[in-house]
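2 protein chains.
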Amino acid sequence: MDRHFFEELNSLKSKLLEMGTTAEEMLNITVKALKDNNTALFDTIDQDEFKLNRLQVEIDEFCMKLIALHQPTAIDLRFLLGVIKINSELERIGDHTTNIRETIARILKQKQPGTSIDMTVMAELACNMFKESLYAFINMDTDKAKSILFRDDQVDQLRHKAINELVESMTKDPAKADTSVSMLLIANNIEKIADHATNIAEDVIFVAQGKDVRHHFEDPLIKNQ
Amino acid sequence: MDRHFFEELNSLKSKLLEMGTTAEEMLNITVKALKDNNTALFDTIDQDEFKLNRLQVEIDEFCMKLIALHQPTAIDLRFLLGVIKINSELERIGDHTTNIRETIARILKQKQPGTSIDMTVMAELACNMFKESLYAFINMDTDKAKSILFRDDQVDQLRHKAINELVESMTKDPAKADTSVSMLLIANNIEKIADHATNIAEDVIFVAQGKDVRHHFEDPLIKNQ
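Residue numbers (this note's numbering), protein chains in the order written: chain S, 1 to 225; chain C, 226 to 450.
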């Protein structure tokens with residue numbers, strides 16, 4: 001690989017990492033707000049979302065330029081296609097985080113009565129999956145990536161549990177229907193963030209090993225590789 | 226462009242179209258079930274989802290092979306990168322359709338009491354956006370693609386209206402909380418399908434014109450182009 005191309009790949013990786021850490025900051029602020037209703041940093045989320053959108057367009061253009069100019073094959077091509085995919089996942093994580101931020105702001109503004117349903121365990125689980133998927137990408141750590149795939153089910157189960165509890169709470173106390181629906185929307189967005197973290201982990205395995213593990217990662221052959 | 230590459234691009238386009246029509250069939254069955262509780266074809270949705278997953282992997286591999294072998298630039302490269310993106314949108318439309326199918330099946334199985342909230346207008350709107358985004362892709366029709374971008378807001382508004390009505394219904398009649406939550410989940414999935422149709426429309430504009438209209442499609446310069 002020529003030096004110039006190598007440097008450009010590194011510069012692309014840094015840009016994607018900047019996007020990842022921006023999404024991570026958004027997510028940290030949101031999880032904190034879920035925990036203690038602290039919305040002091042909510043304006044940061046809006047600025048960060050704007051930054052994510054700008055970076056998404058820049059990264060896609062950068063990838064396309066590198067493919068057209070350097071005509072990469074094998075792992076370099078997989079890396080560039082992987083970056084395009086991860087780029088899209090990161091932008092969507094930003095969207096879901098913004099949705100959660102808006103829902104929390106609405107709950108607080110309308111002074112909706114609280115529910116006893118706690119979303120922080122689920123949110124922290126999804127947040128950790130996302131952080132580890134970024135780590136797996138930076139270090140091309142496929143073991144770490146595989147460990148993330150199997151945690152998606154836990155988030156799904158927590159979401160199902162939360163939905164059942166919310167339905168029960170609404171049935172018993174219809175005055176809390178509004179808050180319960182808000183919490184349900186938050187649960188859905190958290191679950192989607194875990195989905196996107198899982199997709200990033202799948203992309204890391206694809207880039208590193210050339211293996212497409214989507215739709216059959218429960219296969220024991222993949223599990224043990 | 227050499228003849229062999231031209232034929233391969235056509236073959237790729239057919240494969241993506243097969244994926245699109247499969248997702249369309251799934252969506253048609255779901256909208257019909259929402260309208261008249263007809264679940265006769267629900268098994269088809271499961272088979273179709275399996276097919277979508279298989280096609281997604283095949284199409285990504287095909288694109289990567291073509292980029293590595295033919296080292297395309299300009300519109301050919303944009304077409305291949307666009308196909309990779311649309312491929313992912315189609316698979317996710319399949320996922321959301323499967324979620325709706327499962328929710329309808331659960332409502333009917335549990336014999337949940339009905340609500341007066343009608344989702345069919347919203348579902349048909351999203352379904353038409355998707356069909357037109359496929360048409361825009363096949364014909365590289367950027368005018369059609371642009372017309373889709375501006376309809377996403379309508380679906381968002383219908384979803385907001387549905388959520389407000391569902392909260393009101395739950396507050397008045399808590400026994401219907403379960404059905405109302407199910408309908409809310411359906412509304413969320415329909416809105417996501419409209420989002421993915423919008424993404425496909427944006428990808429069509431990117432492939433045809435080399436313009437990235439994400440995050441600023443409301444720009445009058447784009448609107449009037």
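Glycine included, C-beta positions come from ideal geometry on N, C-alpha and C.
Contact with chain C by residue i, beta-carbon distance below 8 Å
i, result
"S/I67", "yes"
"S/H196", "no"
"S/I138", "no"
"S/I163", "yes"
"S/L221", "With a pLDDT of 42 at S/L221, under the threshold of 50, the modelled position of that residue is not reliable, and no figure is offered here."
"S/A175", "yes"
"S/L77", "yes"
"S/D60", "yes"
"S/V181", "yes"
"S/T44", "no"
"S/L12", "no"
"S/V204", "no"
"S/L16", "no"
"S/D212", "yes"
"S/D178", "yes"
"S/L81", "yes"
"S/Q112", "no"
"S/T73", "yes"
Collapsed DSSP secondary structure at residue i in the structure displayed
i, result
"C/I342", "coil"
"S/M170", "helix"
"C/Q434", "helix"
"C/Q382", "helix"
"S/F5", "helix"
"S/R214", "coil"
"S/R101", "helix"
"S/K131", "helix"
"C/K336", "coil"
"C/F362", "helix"
"C/R376", "coil"
"S/P220", "Low confidence applies to S/P220: its pLDDT is 44, below 50, so where it sits in the model is not reliable enough to give any reading."
"S/S180", "helix"
Residue closest to residue i, alpha-carbon to alpha-carbon, out of the options
i, options, result
"S/Q47", "S/N37, S/T39, S/T22, S/F62", "S/T22"
"S/N37", "S/E132, S/E168, S/L184, S/K109", "S/K109"
"C/M244", "C/F355, C/I418, C/L277", "C/L277"
"S/D178", "S/M26, S/S147, S/Q112", "S/Q112"
"C/L410", "C/D398, C/M365, C/I342, C/F355", "C/I342"
"S/S180", "S/A162, S/K211, S/A105, S/E58", "S/A162"
"C/T264", "C/A330, C/L315, C/I309, C/I311", "C/A330"
"C/F375", "C/D398, C/D420, C/D227", "C/D420"
"S/R214", "C/I284, C/E250, C/I270", "C/I284"
"C/D378", "C/I415, C/G435, C/T269, C/K238", "C/I415"
"C/S349", "C/L315, C/I418, C/F304", "Residue 349 of chain C is actually Glu in this sequence, not Ser. C/E349 has its Cα closest to that of C/I418, out of C/L315, C/I418, C/F304."
"C/K397", "C/G435, C/M408, C/N235, C/T340", "C/T340"
"C/S239", "C/P399, C/D227, C/L266, C/I363", "C/I363"
"C/I425", "C/D268, C/N413, C/A351", "C/A351"
"S/T103", "S/M140, S/L17, S/F42", "S/F42"
"C/I311", "C/A299, C/L242, C/V346", "C/L242"
"S/E294", "S/P174, S/D203, S/L55", "In the structure as shown, chain S starts at 1 and stops at 225, and residue 294 of chain S therefore has no counterpart that could be examined."
"S/M140", "S/F50, S/V57, S/F206, S/L34", "S/F206"
"C/L383", "C/I332, C/I309, C/M344", "C/M344"
"C/I332", "C/N235, C/K401, C/N413", "C/K401"
"C/M347", "C/L259, C/E232, C/N235, C/S236", "C/L259"
"S/E24", "S/R78, S/L77, S/E49", "S/E49"
"S/D203", "S/N10, S/V83, S/D2", "S/V83"
"C/A452", "C/M395, C/D301, C/T423", "No answer is possible for residue 452 of chain C: it lies beyond the span of chain C, which begins at 226 and ends at 450."
"S/N188", "S/V155, S/F6, S/R78, S/S88", "S/V155"
Residue-chain proximity (residue i, chain S), Cβ-Cβ < 8 Å
i, result
"C/H440", "yes"
"C/N278", "yes"
"C/V282", "yes"
"C/I309", "yes"
"C/N413", "yes"
"C/V382", "Per the sequence presented here, residue 382 of chain C reads as Gln, with Val not at that position. C/Q382 does not count as touching chain S."
"C/L333", "no"
"C/L234", "no"
"C/V392", "yes"
"C/M289", "yes"
"C/M395", "yes"
Under 7 Å by beta carbon: chain A residues contacting residue i
i, result
"C/L409", "No chain A is present in this structure, whose protein chains are S and C."
Problem - Whole beta strand (DSSP E) elements within the segment 13-94 of chain S, 3-residue minimum - result: Every candidate beta strand (DSSP E) stretch fails here, since none sits fully inside the segment 13-94 of chain S while reaching 3 residues.
Practice task
Spell out a yes or no on whether the segment 24-44 of chain S and the segment 84-103 of chain S are touching, meaning 3 or more CB-CB pairs, one atom from each, closer than 8 Å.
Solution key: yes
Practice task
Count the CB pairs spanning the segment 281-300 of chain C and the segment 355-375 of chain C that are closer than 8 Å, and state whether there are at least three.
Solution key: no
Exercise for the section: Evaluate contact between the segment 134-154 of chain S and the segment 66-77 of chain S, counting only Cβ atoms and requiring at least three cross-stretch pairs below 8 Å. Expected result: no
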